[in-house]
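Working notes, structure below.
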Amino acid sequence: LFSEKTTALIRDAIRQRYSFLPYWYTLFYEHMLTGKPVMRPLWAEFPDDENALDEEREWLVGPALLVRPVMEPDVTTISLYLPGRRNVMWYDWATNKPKPAPGAVYVNGSMESVPRLQRGGTIIPVRERIRRASTLMRNDPITLYIAASYNKDNLANGTIYMDDGETFNYKKGEYLYWAFIYKKVSDQLYTITAKNLDKNGKLETDVLIEKIVIRGVRYFPMNVHIYLDGWLIYWLLLFL
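Following UniProt numbering, the numbering of the sequence shown begins with 1 at its first residue and continues without gaps.
Now the structure itself:
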């Protein structure tokens with residue numbers, strides 16, 4: 001039905017979609033709570049940016065991920081518009097390189113590599129162990145991608161929603177809805193806090209946070225400490 005190349009592209013696109021399922025699932029839950037669309041135009045998040053009003057080639061998946069599909073044949077680079085004021089930073093998902101807003105930039109783009117950029121100040125949960133079916137990934141660990149902002153406290157935040165993915169037991173409290181907050185305490189000390197947003201959710205799960213990737217920092221942390229305090233979990237990161 002398809003050529004070998006096309007089949008490989010389809011397979012890779014499906015694998016990437018599987019990776020982002022924790023983020024998609026959370027967005028659909030928040031859509032149920034707030035009515036905000038899962039996929040949204042740029043102006044939905046940046047109403048003060050006049051250039052965002054006319055942009056029809058790209059869109060946002062939730063508040064955190066900008067996507068620009070490749071619609072031109074035989075290209076290796078494409079242009080896209082980065083919305084926001086001057087303190088907004090976007091990070092190329094594939095390379096982690098920061099790109100400041102606002103303005104148009106050229107990025108690598110082809111049928112094999114669809115441009116995706118993470119908005120500074122956001123946290124996106126993904127799964128990086130891709131299996132042949134999404135149902136086989138439900139108990140796999142989570143990776144958090146933190147994109148540091150360029151405001152004075154380098155704040156970033158995100159959420160995750162989980163249930164069993166099959167039944168209506170979430171109506172009986174079998175779910176969890178947590179927030180993650182990344183914050184600067186001092187020049188050397190940063191914290192990541194996990195907070196339960198809905199204590200009615202009582203899902204017990206073995207899913208772990210396996211890895212945390214922080215975009216936009218200059219140094220590797222020298223020490224990491226984890227504390228549990230009731231409904232809060234703290235990670236303390238010491239940069240030297």
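By construction, the Cβ of each residue, glycine as well, lies at the ideal position given by its N, Cα and C atoms.
Where residue i falls, given that 16 or more other Cβ within 10 Å makes a residue buried
| i | result |
| --- | --- |
| Asp-49 | buried |
| Pro-83 | buried |
| Val-107 | buried |
| Ala-52 | buried |
| Met-71 | exposed |
| Leu-240 | In this predicted model, Leu-240 has a pLDDT of only 46, less than 50, meaning its place in the structure is not dependable; the value taken from the coordinates is given anyway. Exposed, since its Cβ has fewer than 16 Cβ neighbours within 10 Å. |
| Tyr-219 | exposed |
| Ala-85 | In the sequence on display, residue 85 carries Arg and not Ala. Answer is exposed; the Cβ neighbour count stays below 16. |
| Arg-215 | buried |
| Ala-147 | buried |
| Asp-163 | buried |
| Thr-159 | buried |
| Thr-76 | exposed |
Where the beta strand (DSSP E) through residue i begins and ends
| i | result |
| --- | --- |
| Asp-12 | No beta strand (DSSP E) holds Asp-12; the alpha helix (DSSP H) holding it covers 4 to 19. |
| Trp-90 | 89 to 92 |
| Leu-42 | It is not in any beta strand (DSSP E) - Leu-42 instead sits in the alpha helix (DSSP H) that spans 42 to 45. |
| Ala-179 | 175 to 184 |
| Asp-163 | 156 to 163 |
| Ala-194 | 189 to 196 |
| Lys-99 | 98 to 100 |
Residues bridged to residue i (per DSSP)
| i | result |
| --- | --- |
| Met-111 | Beta-bridge pairing links Met-111 to no other residue. |
| Pro-125 | Leu-144 |
| Trp-59 | Val-67 |
| Ser-79 | Tyr-106 |
| Gln-118 | Leu-65, Tyr-91 |
| Ile-214 | Ile-146 |
| Ile-209 | Ile-142 |
| Met-39 | Val-61 |
Pair within 9 angstroms by beta-carbon distance, residue i and residue j
| i | j | result |
| --- | --- | --- |
| Ser-19 | Arg-138 | no |
| Ile-78 | Gly-109 | yes |
| Thr-205 | Leu-176 | yes |
| Leu-60 | Glu-45 | yes |
| Gly-201 | Glu-166 | no |
| Pro-141 | Glu-30 | no |
| Pro-102 | Val-67 | no |
Cα-Cα separation between residue i and residue j, rounded to whole angstroms
| i | j | result |
| --- | --- | --- |
| Ser-186 | Met-89 | 21 angstroms |
| Lys-195 | Asn-223 | 22 angstroms |
| Pro-98 | Ala-179 | 24 angstroms |
| Pro-47 | Leu-117 | 19 angstroms |
| Leu-197 | Glu-58 | 31 angstroms |
| Ile-192 | Glu-4 | 44 angstroms |
| Val-217 | Pro-73 | 36 angstroms |
| Ile-124 | Ala-104 | 24 angstroms |
| Val-207 | Thr-143 | 11 angstroms |
| Val-38 | Asn-87 | 25 angstroms |
| Thr-6 | Lys-183 | 43 angstroms |
| Trp-24 | Val-213 | 19 angstroms |
| Phe-2 | Glu-112 | 16 angstroms |
| Leu-228 | Met-32 | 30 angstroms |
| Ile-14 | Pro-69 | 15 angstroms |
| Leu-189 | Ile-10 | 43 angstroms |
| Thr-34 | Pro-22 | 18 angstroms |
| Ala-156 | Tyr-170 | 28 angstroms |
| Tyr-81 | Ala-133 | 34 angstroms |
| residue 262 | Ala-64 | A question about residue 262 goes unanswered here, because the residues of the chain that appear run from 1 up to 240. |
| Pro-221 | Asn-151 | 20 angstroms |
Residue range of the alpha helix (DSSP H) that includes residue i
| i | result |
| --- | --- |
| Asn-51 | 50 to 53 |
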